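The sequence shown begins at 7 in our numbering and counts up by one.
Here's the structure we're looking at; comments come further down.
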Amino acid sequence: MQQKTRGIVINYLRYRETSLLINIYTAEYGIASYIENGVRSAKAKHKMALFQPLTMLDLEVYHKPGKGLHRISEAKCYFPYQQIPFDIVKSSIALFLSEILGKVLKEEEGNVTLFNYLEEAFQHLDRSESPVENFHIQFLWELSAYLGFGSSNSSEFFKQMSPWITAEKIGDLSPILDQLIHSGFGVAVSMTKQQRRDLLSLMLHYYQLHLETIGEIRSWQVLQEVMAS
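Shown next, in the form of structure tokens:
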């Protein structure tokens with residue numbers, strides 16, 4: 007039986023000559039994998055553009071609990087990005103965060119609260135006319151709470167991170183992190199490029215401390231280079 011759900015594409019893998027295996031975070035079923043046959047052929051029902059990372063989709067799917075792969079009957083983008091594909095900073099942040107999400111979203115059950123957070127965050131990233139260079143740090147801080155290991159404040163965070171940072175650096179970064187976590191997306195928080203790199207590095211260590219699946223983040227280097235330019 008067909009079911010309707012909203013979904014956010016996390017990533018995809020090419021499969022055989024014309025097919026894709028697509029991981030989508032759905033409002034109804036959590037993370038789910040779909041096979042889309044013939045998508046890379048000229049007569050494809052759904053074009054590959056629909057399955058780029060972080061695309062937001064209205065879906066009609068054949069979803070059977072306990073089955074590894076599901077099928078998509080209908081897919082339509084309900085929030086076409088206007089800036090992310092064309093802005094190098096925003097697209098680099100999106101690539102980085104989609105890689106993170108591919109490693110941390112494992113629950114195969116619906117979590118509408120988390121889905122709504124992801125949806126609102128990425129819509130803000132696309133629409134924002136304010137600087138977004140701190141967006142990914144704020145995003146990861148808030149996401150950790152949804153994943154069940156968020157710190158309640160910066161002191162608790164730096165206590166866990168103390169093996170990887172000196173007391174001097176904690177004194178330098180703590181007030182900046184306090185500003186970030188008490189500011190909404192788009193609120194300017196002043197810091198140097200080095201401070202931003204240090205905070206992001208610590209945030210990734212924090213995720214690695216709590217999640218064995220996080221591993222290496224390949225797009226981190228690309229993001230660092232873009233942010234340094």
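Quick reminder that beta carbons are idealized off the backbone N, C-alpha and C, glycines included.
On a predicted model such as this, the values are computed, not experimentally measured, just so you know.
Are at least three pairs of beta-carbons, each pair with one atom in the segment 28-43 and one in the segment 53-67, less than 8 Å apart? yes
Please classify Gly36: does DSSP put it in a helix, a strand, or coil? strand
Is there contact between the segment 215-231 and the segment 92-109, where contact requires at least three CB pairs shorter than 8 Å? yes
C-alpha distance - Ala194 paired with Val95, whole-angstrom precision: 16 Å
Cβ pair count under 8 Å reaching 3, the segment 202-213 against the segment 80-92: no
Close Cβ partners of Thr11 (< 6 Å) along its chain, the five nearest in sequence each way excluded: Thr32, Ala33, Glu34, Leu65
In whole angstroms, give me the CA-to-CA distance for Leu56 and Ala81. 8 Å
The segment 119-137 in contact with the segment 164-179 per 3-pair CB rule at 8 Å: no
Below 8 Å CB to CB, which residues in the same chain sit around Leu26 once its five sequence neighbours on both sides are set aside? Tyr18, Leu19, Arg20, Ile41, Glu42, Val45, Arg46, Met54, Phe57
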